[in-house]
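Before any comments, here is the structure.
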Amino acid sequence: MGKNYASEDAGYFRVQQSKSGGWAFVDPFGEPFVSLALNHLDDSDLRYPHNVDVFDRKYGTRRNWVKGVVRDLEDLNFNTIGWTGQYVSGDWGKALDWFGDPIDLGHSSPWPDELLLDAGMPYVVQIRVQEIEDWNGHPAFRDVYSEDFQKYADWIARRMTSDHKNSRNLIEYFLVDIPAWLPHASGRFWPGFEGLSPEEHDAKLFEVATQYYKTVTEAIRRYDPNHLILGDRYNGNKGIPETVLRAMAPFVDVLSVQYFTGKTEAEYTKMISDLRQWHDITDKPVVIADIGNWVPTEMNPHRTSDMNTHAERGEDYAQGLARVMAEPWIIGWHWCGYIENLGRGWGIKDPYDEFYSDLTDRIREANAAAQTAVSMRME
Numbered sequence: 001m002g003k004n005y006a007s008e009d010a011g012y013f014r015v016q017q018s019k020s021g022g023w024a025f026v027d028p029f030g031e032p033f034v035s036l037a038l039n040h041l042d043d044s045d046l047r048y049p050h051n052v053d054v055f056d057r058k059y060g061t062r063r064n065w066v067k068g069v070v071r072d073l074e075d076l077n078f079n080t081i082g083w084t085g086q087y088v089s090g091d092w093g094k095a096l097d098w099f100g101d102p103i104d105l106g107h108s109s110p111w112p113d114e115l116l117l118d119a120g121m122p123y124v125v126q127i128r129v130q131e132i133e134d135w136n137g138h139p140a141f142r143d144v145y146s147e148d149f150q151k152y153a154d155w156i157a158r159r160m161t162s163d164h165k166n167s168r169n170l171i172e173y174f175l176v177d178i179p180a181w182l183p184h185a186s187g188r189f190w191p192g193f194e195g196l197s198p199e200e201h202d203a204k205l206f207e208v209a210t211q212y213y214k215t216v217t218e219a220i221r222r223y224d225p226n227h228l229i230l231g232d233r234y235n236g237n238k239g240i241p242e243t244v245l246r247a248m249a250p251f252v253d254v255l256s257v258q259y260f261t262g263k264t265e266a267e268y269t270k271m272i273s274d275l276r277q278w279h280d281i282t283d284k285p286v287v288i289a290d291i292g293n294w295v296p297t298e299m300n301p302h303r304t305s306d307m308n309t310h311a312e313r314g315e316d317y318a319q320g321l322a323r324v325m326a327e328p329w330i331i332g333w334h335w336c337g338y339i340e341n342l343g344r345g346w347g348i349k350d351p352y353d354e355f356y357s358d359l360t361d362r363i364r365e366a367n368a369a370a371q372t373a374v375s376m377r378m379e
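Heads up: the sequence shown begins at 1 in our numbering, then just goes up one per residue.
What follows is the structure, encoded as structure tokens:
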């Protein structure tokens, strides 16, 4: 744990399939690697009026706080800094219905480049090429054939790769978080889909998705040919059109899917079945890009689920990760939530920066077992 690959003698992260069919990332030293990440790492979660004194007393500066994040990740046997943007405002109500009324969840900005580069451990970078998230109440589906989109894709690729293109700690770039490739709850969609038959819709969607992925990935590789591209972080709970997956496959290295599930065996079986179907369509290894669980707390009693205690959360984490690691084509598990805030409402730490130890004790053990498992699958 705690490897820092910042050496010019090292290579870059890549993906590899063994002779037996198992998949893994390969780290810059040539060792099998499963990406165990924590997402939504935002210092503003510790700067509310109710807890800013904790931030001031323990850290004082954002850079010191990042050092604390890295210590926590290494202590819990995480090996990757996940997507650092955090859900900070808006509410989904009692149930998150992607086909119901539109929601508008505010998100913080990800860490600046220098914090990721200075953290000294593997990380991912987002390149947000379109503002079409399912959680975005005001999506903008910009014409992927337009000259403006070509120029924008070139600019954002040039900008976002410029500081990371030589980084051995960067694992990959990903694109949009849960993009609306199925109809957005707001009713908005890509231009030109009005009045089409289902067959015409699918054919046009394939063309649009192909142009989108081709434009964006060519721009990224124009400025950084060294690093992997995960593509969009698809919304597995809503579903992914097969036509989009087939359009994506020639351009992206890894299939990235957000998927939240309950704790029962039937629910995990459903998730694995869905992921396997999408893996079979694309022939790509899979990173579960966001997964998590939650229980009511004193500060967030409305965050109810099929669990009631942090010990149950820990058991679910351990059982879920072991279930996932039994699938030789899954190469990443990115867990949702660090410090419990007033937006998302859950985390592995309470609002005062203390571990929920009944949860984190199991996380520590489960992550260590997962790293052993990925080495064995590549033998």
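Heads up, the beta-carbon is just placed ideally off N, CA and C, and yes, glycines get one too. Values in this document were obtained by computation on a predicted structure and should not be read as measured data.
| Query | Result |
| --- | --- |
| Nearest-angstrom Cα separation, counted from Asp143 out to Gly332 | 32 Å |
| Boundaries (first-last residue) of the alpha helix (DSSP H) holding Gln211 | Pro198 to Tyr223 |
| Residue burial classification, Pro112 (beta-carbon count within 10 angstroms, cutoff 16) | exposed |
| Three-state secondary structure assigned by DSSP to Arg14 | strand |
| Distance, Pro241 Cα to Ala382 Cα | Nothing about residue 382 can be read from this structure; the chain reaches only from 1 to 379. |
| Whole runs of the beta strand (DSSP E) within the segment 272-358, excluding any shorter than 3 residues | 286-291 and 330-336 |
| Stretch-stretch touch, CB-based, cutoff 8 Å, three pairs: the segment 323-331 with the segment 283-300 | yes |
| Of the listed residues Thr243, Met271, Asp177 and Pro198, nearest to Leu230 (C-alpha basis) | Asp177 |
| Spatially closest choice to Thr282 from Tyr268, Leu245, Thr309 and Ile272, by CA coordinates | Leu245 |
| Anticipated Cβ contact below 8 Å, Val254 with Val26, distance rounded | With a Cβ gap of about 12 Å, Val254 and Val26 do not count as contacting. |
| Touching by the beta-carbon criterion (3+ pairs, under 8 Å), the segment 306-315 and the segment 360-375 | yes |
| Uninterrupted beta strand (DSSP E) stretches inside the segment 83-139 (no shorter than 3 residues) | 87-89 and 123-126 |
| Close-in-space but distant-in-sequence residues of the same chain around Thr161 (CB under 6 Å, 5 per side omitted) | Tyr223 and Asp224 |
| Contact under 8 Å by Cβ, Asn51 with Pro301 | no |
| Outcome for Gln258 when other beta-carbon atoms lying within 10 angstroms are tallied against a minimum of 16 | buried |
| Nonlocal neighbours in the same chain, by C-beta distance under 7 Å from Thr304, ignoring five residues either side | Pro296 |
| Where Glu379 falls, given that 16 or more other Cβ within 10 Å makes a residue buried | exposed |
| Residue environment, Asp280, which counts as buried when at least 16 other CB atoms sit within 10 Å | exposed |
| Cα-Cα separation between Leu366 and Trp278, rounded to whole angstroms | Reading the sequence as shown, one finds Ala at residue 366 and not Leu. Whole-angstrom Cα-Cα distance: 26 Å. |
| Touch test, the segment 94-110 against the segment 123-135, Cβ-Cβ under 8 Å, three pairs minimum | yes |
| Member of Tyr59, Gln126 and Ala369 whose CA lies at the smallest distance from the CA of Arg381 | The structure shown has nothing for residue 381, since the chain only spans 1 to 379. |
| Selected residue, minimal CA-CA separation from Asp42, among Arg63, Phe251 and Pro250 | Arg63 |
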